[in-house]
Amino acid sequence: MIRILIADDEALEREAISHILRHIHLEEECVVDQAVNGYEALEAAEKYEPDIAFLDIRMPGMDGLEVAERLSRLGNPPFIIMVTAYDSFAYARMALRYGVLDYLLKPASSEEIEAAVRKAIYQIRRRREEAARRAEMHSIAADMEQIARMNIVDQLEAGSVADSDVTRLVKLRFGTEMWSCAAIVAGARDGSSSASLSLALLEQHRFLSGIAERHLASDLGIPENLPSLFFAGSGERITSMLLVAPFLDEKRSAESEPHAAFHAFQHIRSRLAQFRYRCIDAGAGDLRFGACVSDAGLASAALAAAKAAFNLTAAECPILVLSPMPLAHGREAAAAGSLAGRTISWLQDHFMESIGLADAAEYLHVSPSHLSRMLKKETGIGFGEMLVRTRIAHAKNLLANGIPAKEASFLVGFRDQSYFTKVFIKVAGVSPSRYLDLGR
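Residues in the sequence shown are numbered consecutively from 1, following UniProt numbering.
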């Protein structure tokens, strides 16, 4: 179920949006609540926990921008769509600062409202999938902690407990000094046309020795609608794709020299980022990896490669190391996180907005020139190209799922249909309509 809140002091505007929403054919049930001012909007948000909120900027008592700012503090904030009669750049900039998903001018057409709602629903589904996977990984972590405790109990019964086992339990409990990598395996299953997909999170320190090897590597299910996304060039299925990437050969080195381990990891991740972009430039097929991976408790900077939904030439790389990713690993490591990784992660949440290099730099607390320089160094391309490729990757995803090209262009942040088509052809090699036909 999708819950939508409409806050506007004009009854006619509220009813107009409600009427349009009732005639949008969505896959899920849609429940609409209304508020006549900002205060009622906040009360309704606390009571109903809406997934989407339409907010008028000019409302008595508390305006829509202030409501948006307060809603952004909630644990599970709604995706906000601003509706206003004022075509003001200052308003739009403030709205983006508060994480507003879309900004519509009155009177908004039914097509504009539908496109904004579908954009929000796309983000809602992503957030729900991430929450489900995060919960599953927390459950796995709890099981592993219990295994570690049982191991110590067994040692107590035997008359001795090694200090190292206690230390390992603490590390498992609090997530320090732990590293992981992600793997995705795609291939035909028993000669059928469906793809067999699995995502594995593999613990690198193996601090529970044989126990960790048997229990910590976990296969996570992939939604049924995703296998159709995994194709190689010329329509061929990916025959095999496996990530196995211990970035250090010796466990002892990682445990005794955490700083050296982290810098080695950073170096490898930088090299991998450059390799991914070379794969994109090579053209041919694509693999959307980010659609299948949630953060599952991973540090946001470390998750960047998985969330980026990069296009990869999988046909030429049957065995491809995509990215090792660290779990929470201490203040020094977090502070030194890849700037490119943090940028990519931020882009995944904001690619559909009107953003630029300055916005990313402001969020990351660096100068635009420094960010531009580091992106070139770590990935080989600039911010603009990174944004375009991210948008087109998501557009391909939408087209592959039957979303019309015009609607897809709005959902990923393009406001000019002809410009979207031009950029799509440049990146994908075919027009959006042709890509849509190929996916049918």
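Cβ coordinates follow ideal geometry from the N, Cα and C atoms, glycine included.
Query raised in the report: Exposed or buried, residue 342, counting other C-beta atoms within 10 Å across all chains shown (16 or more means buried)?
Result: The residue you call residue 342 lines up with position 342 of the sequence shown. Counting Cβ neighbours within 10 Å, residue 342 comes out buried, since at least 16 surround it.
Report task. Could you check which residue in 339, 10 and 78 has the C-alpha nearest to that of residue 374? Result -> As a first step, residue 374 is located in the sequence shown; it is residue number 374 there, counting from the start. Closest option to residue 374, Cα to Cα, is 339.
Query raised in the report: Exposed or buried, residue 107, counting other C-beta atoms within 10 Å across all chains shown (16 or more means buried)?
Result: Here residue 107 refers to the residue found at position 107 when the sequence shown is read from its first residue. Exposed.
Requested in this report: Pull up the distance between the alpha-carbon of residue 130 and that of residue 123, whole angstroms please.
Outcome: In the sequence shown, counting from the first residue as 1, residue 130 sits at position 130. In the sequence shown, counting from the first residue as 1, residue 123 sits at position 123. The straight-line gap from Cα to Cα measures roughly 11 Å.
Query raised in the report: Are the stretch 366–380 and the stretch 74–87 touching by the rule of at least three beta carbon pairs closer than 8 Å?
Result: no
Report task. At 3 residues or longer, and completely inside the stretch 65–133: list those beta strand (DSSP E) runs for me, N to C. Result -> 79–84 and 102–105
Query - Completely contained alpha helix (DSSP H) runs for the stretch 364–406, where each covers 4 or more residues - result: 368–379 and 383–400
Query raised in the report: Mapping DSSP to helix, strand and coil, what is residue 54?
Result: Here residue 54 refers to the residue found at position 54 of the sequence shown. Residue state, collapsed to three classes: strand.
Query raised in the report: Per DSSP, what kind of secondary structure is residue 26 in: helix, strand or coil?
Result: Taking the sequence shown and counting its residues from 1, one reaches residue 26 at position 26. If DSSP states are grouped into helix, strand and coil, residue 26 belongs with coil.
Report task. Identify the continuous beta strand (DSSP E) that holds residue 6 and give its terminal residues. Result -> Here residue 6 refers to the residue found at position 6 of the sequence shown. That run of the beta strand (DSSP E) goes 2–7.
Requested in this report: Find out if the Cβ-Cβ distance for the pair residue 2, residue 121 is shorter than 8 Å.
Outcome: By one-based count along the sequence shown, residue 2 stands at place 2. By one-based count along the sequence shown, residue 121 stands at place 121. Result yes, Cβ atoms of residue 2 and residue 121 sit closer than 8 Å.
Query raised in the report: Once you ignore the five residues that flank residue 85 on each side, which residues in its own chain have a CB closer than 6 Å to its CB?
Result: Translated into the one-based positions of the sequence shown, residue 85 becomes position 85. Same-chain partners within the cutoff: 106.
**Report entry** Nearest-angstrom Cα separation, counted from residue 365 out to residue 359
**Finding:** Residue 359 sits at position 359 when you count from the first residue of the sequence shown. Residue 365 sits at position 365 when you count from the first residue of the sequence shown. Approximately 10 Å, taken between the alpha carbons.
Report task. Take residue 384 as the anchor and find which of 54, 53, 354 and 43 has the nearest alpha-carbon. Result -> Counting from one through the sequence shown, the residue named residue 384 turns up at place 384. Among 54, 53, 354 and 43, the Cα nearest to that of residue 384 belongs to 354.
Requested in this report: Answer with buried or exposed for residue 26, where buried requires no fewer than 16 other C-beta atoms within 10 angstroms of its C-beta.
Outcome: Within the sequence shown, residue 26 is the residue found at index 26, counting from 1. By the neighbour-count rule (16 or more Cβ atoms within 10 Å), residue 26 is not buried but exposed.
Requested in this report: Give the secondary structure of residue 33 by DSSP, where H, G and I count as helix, E and B as strand, and everything else as coil.
Outcome: On the sequence shown, position 33 is the one that residue 33 refers to. Looking at residue 33 - three-state DSSP - the assignment turns out to be strand.
**Report entry** residue 68 versus residue 347 - alpha carbon distance
**Finding:** Against the sequence shown, residue 68 aligns to sequence position 68. Against the sequence shown, residue 347 aligns to sequence position 347. Computed Cα separation, rounded: 21 Å.
Query raised in the report: DSSP on residue 254, reduced to helix/strand/coil?
Result: The residue labelled residue 254 in the question sits at position 254 within the sequence shown. In this predicted model, residue 254 has a pLDDT of only 37, less than 50, meaning its place in the structure is not dependable enough to derive any value.
**Report entry** Of the listed residues 57, 416, 361 and 349, nearest to residue 7 (C-alpha basis)
**Finding:** Mapped onto the sequence shown, residue 7 falls at position 7. Ranking the options by Cα distance to residue 7, first place goes to 57.
**Report entry** residue 415: first and last residue of the uninterrupted alpha helix (DSSP H) it sits in
**Finding:** As a first step, residue 415 is located in the sequence shown; it is residue number 415 there, counting from the start. Neither: residue 415 is in no alpha helix (DSSP H) and is coded neither H nor E.
Query raised in the report: Using the C-alpha atoms, what's the distance from residue 415 back to residue 409?
Result: Position 409 of the sequence shown, counting from 1, holds the residue named residue 409. Position 415 of the sequence shown, counting from 1, holds the residue named residue 415. If you take the alpha carbons of residue 409 and residue 415, they lie about 7 Å apart.
Requested in this report: Grab me the residues of residue 115's own chain with a C-beta within less than 7 Å of its C-beta, minus the 5 sequence neighbours each way, in chain order.
Outcome: Translated into positions along the sequence shown, residue 115 becomes position 115. So the qualifying residues of the chain are 407, 410 and 411.
Query raised in the report: Of all the options 45, 392 and 102, which has the alpha carbon lying nearest to the alpha carbon of residue 430?
Result: The residue labelled residue 430 in the question sits at position 430 within the sequence shown. The shortest C-alpha separation from residue 430 is found at 392.
Requested in this report: Determine the direct distance from the alpha carbon of residue 349 to that of residue 386, and round the result to whole angstroms.
Outcome: Counted from its first residue, the sequence shown places residue 386 at position 386. Counted from its first residue, the sequence shown places residue 349 at position 349. Distance between the alpha carbons of residue 386 and residue 349 is about 14 Å.
Requested in this report: Give me the Cα-Cα distance between residue 10 and residue 73, rounded to the nearest whole angstrom.
Outcome: Residue 10 sits at position 10 when you count from the first residue of the sequence shown. Residue 73 sits at position 73 when you count from the first residue of the sequence shown. In a straight line, the C-alpha of residue 10 is about 26 Å away from that of residue 73.
Query - Backbone secondary structure at residue 443 - three-state DSSP - result: Nothing in the structure corresponds to residue 443, since the chain is present only between 1 and 440.
Query - DSSP state of residue 437 mapped onto helix, strand, coil - result: Your numbering for residue 437 matches position 437 in the sequence shown. Reduced to three states, the DSSP call for residue 437 is helix.
**Report entry** Where residue 38 sits in the DSSP three-state scheme
**Finding:** The residue given as residue 38 occupies position 38 in the sequence shown. Residue 38: helix per DSSP, three-state reduction.
Query raised in the report: For residue 430, which three-state DSSP category applies?
Result: Here residue 430 is taken as the residue at index 430 of the sequence shown, counted from 1. Residue 430: coil per DSSP, three-state reduction.
Query raised in the report: What number of angstroms, rounded off, separates the C-alpha of residue 33 from the C-alpha of residue 41?
Result: Within the sequence shown, the letter at position 33 stands for residue 33. Within the sequence shown, the letter at position 41 stands for residue 41. Roughly 9 Å between the two C-alpha positions.
**Report entry** Contact belief for residue 5 with residue 48 at Cβ below 8 Å, rounded distance in angstroms
**Finding:** One-based indexing of the sequence shown puts residue 5 at position 5. One-based indexing of the sequence shown puts residue 48 at position 48. Indeed they touch by this definition, with Cβ atoms about 7 Å apart.
Report task. With DSSP as the reference, label residue 355 as helix, strand or coil. Result -> Against the sequence shown, residue 355 aligns to sequence position 355. Coil.
Query raised in the report: When the distance is taken between beta carbons, is residue 52 closer than 8 Å to residue 443?
Result: Since the first residue of the chain shown is 1 and the last is 440, residue 443 is not available in this structure.
Requested in this report: Answer yes or no: do residue 363 and residue 396 have a C-beta to C-beta separation smaller than 8 Å?
Outcome: Position 363 of the sequence shown, counted from the first residue, corresponds to residue 363. Position 396 of the sequence shown, counted from the first residue, corresponds to residue 396. It is not a contact, given that the beta carbons lie outside the stated cut-off.
Query raised in the report: Is residue 43 helix, strand or coil by DSSP?
Result: On the sequence shown, position 43 is the one that residue 43 refers to. Of the three classes helix, strand and coil, the one that applies to residue 43 here is helix, per DSSP.
Query raised in the report: Anyone know if the C-beta pair for residue 54 and residue 24 falls short of 8 Å?
Result: In the sequence shown, residue 54 corresponds to position 54, counting from 1. In the sequence shown, residue 24 corresponds to position 24, counting from 1. It is not a contact, given that the beta carbons lie outside the stated cut-off.
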